[in-house]
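Chains as they are written, first to last, in this note's numbering: chain A, 116 to 230; chain B, 949 to 1060.
The beta-carbon is built from N, C-alpha and C at its ideal position, and this holds for glycine as well.
For reference, the structure discussed in these notes is given below.
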């Protein structure tokens, strides 16, 4: 079974530029999470979906970040105008709690550097 | 909101010895406590979890202990092996699905 896939693996931007991250969760997993992991810190939840619905986006900086999962499968996280403080690894994870499986499966991440 | 603290930022043990990583949390509503491992250059991988209806859970060489009164939980690894070397993250959540609050991670080094 294929794991969670993410692209791109790396991105380098100037401040003010936009960037999109793409995630393909494990097939059949209805819950999808986006995390931001700054260097030497633990992941911090940005937003999570069940199917296509946003369940919690309270930690998403809404003025510059947006996330969608239109068909309840793949998801895109976008940063409209990047800042140096956005430098971090962006992780996507998925889970299938409907099957009583609560563990989250993480993708390899996208390492973003904002200059 | 919830805050999770991992008390050891680094831990170094001899191969075959035991390792213990300690975490505390602040929100009494937290009821789900998973642990994740991140090997060098790789993403996070689930290792074990515990729910608040029990105070101990074991899986092979891993044991998680939960003290709800002290709002503390710990990961015990016995008979450590070089492949246990990684960063270990503890996390807490008020429910099994949803917002996990992670600690900052503990770098475990197992040396021969």
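- [ ] Provide the residue span of the beta strand (DSSP E) that contains residue 165 of chain A, from first to last.
- [x] 159-165
- [ ] Grab me the residues of residue 198 of chain A's own chain with a C-beta within less than 7 Å of its C-beta, minus the 5 sequence neighbours each way, in chain order.
- [x] 130 and 229
- [ ] Please confirm if residue 1049 of chain B has its CB atom under 9 Å from at least one CB of chain A.
- [x] yes
Task: Residue environment, residue 158 of chain A, which counts as buried when at least 16 other CB atoms sit within 10 Å - done: buried
Task: From B/1006, B/988, B/1001 and B/1045, residue whose alpha carbon lies closest to that of residue 1031 of chain B - done: B/988
Open item on the list: In whole angstroms, give me the CA-to-CA distance for residue 183 of chain A and residue 1048 of chain B.
Closed with: 20 Å
Task: Given residue 1060 of chain B as reference, the closest of B/955, B/950, B/962 and B/956 once Cα atoms are compared - done: B/962
TODO: Could you check if residue 1016 of chain B is buried or exposed, using at least 16 other CB atoms within 10 Å of its CB as the buried criterion?
DONE: exposed
TODO: May I ask you to check if the CB of residue 1045 of chain B is nearer than 8 Å to at least one heavy atom of the ligand PLP?
DONE: Ligands are entirely absent from the displayed structure, and the ligand PLP is therefore not among its contents.
- [ ] Starting from the C-beta of residue 173 of chain A, find all residues in its chain whose C-beta is less than 8 Å away, skip the five residues before and the five after it, and write them out in chain order.
- [x] none
Task: Interface partners of residue 170 of chain A on chain B, CB under 8 Å - done: 1046
Task: With 16 other Cβ atoms within 10 Å as the buried cut-off, status of residue 217 of chain A - done: buried
Task: Proximity test, Cβ basis, 9 Å: residue 143 of chain A and chain B - done: no
Task: Alpha-carbon to alpha-carbon, residue 1027 of chain B and residue 127 of chain A - done: 42 Å
- [ ] Determine the DSSP secondary structure at residue 987 of chain B, reduced to helix, strand or coil.
- [x] coil
Open item on the list: Would residue 159 of chain A pass as an interface residue toward chain B - the criterion being a Cβ-Cβ separation below 9 Å?
Closed with: yes
Task: DSSP beta-bridge partners of residue 977 of chain B - done: Bridge partners of residue 977 of chain B: none, in fact.
TODO: Pull up the CB-CB distance for residue 223 of chain A and residue 991 of chain B, whole angstroms please, since I reckon it's below 8 Å.
DONE: 5 Å
Open item on the list: Assuming contact is defined by CB atoms lying nearer than 9 Å, are residue 980 of chain B and residue 1019 of chain B in contact in what I supplied?
Closed with: no
Task: Buried versus exposed, by CB contacts within 10 Å (16 or more), residue 951 of chain B - done: exposed
TODO: May I ask which residues mark the beginning and end of the beta strand (DSSP E) holding residue 190 of chain A?
DONE: 190-194
Open item on the list: For residue 206 of chain A, report the span of its beta strand (DSSP E) as first-last.
Closed with: 203-211
Open item on the list: Determine, for residue 1039 of chain B, whether the minimum Cβ-Cβ distance to residues of chain A falls below 9 Å.
Closed with: yes
Open item on the list: Taking the straight line between their C-alpha atoms, what separation do you get for residue 140 of chain A and residue 134 of chain A?
Closed with: 20 Å
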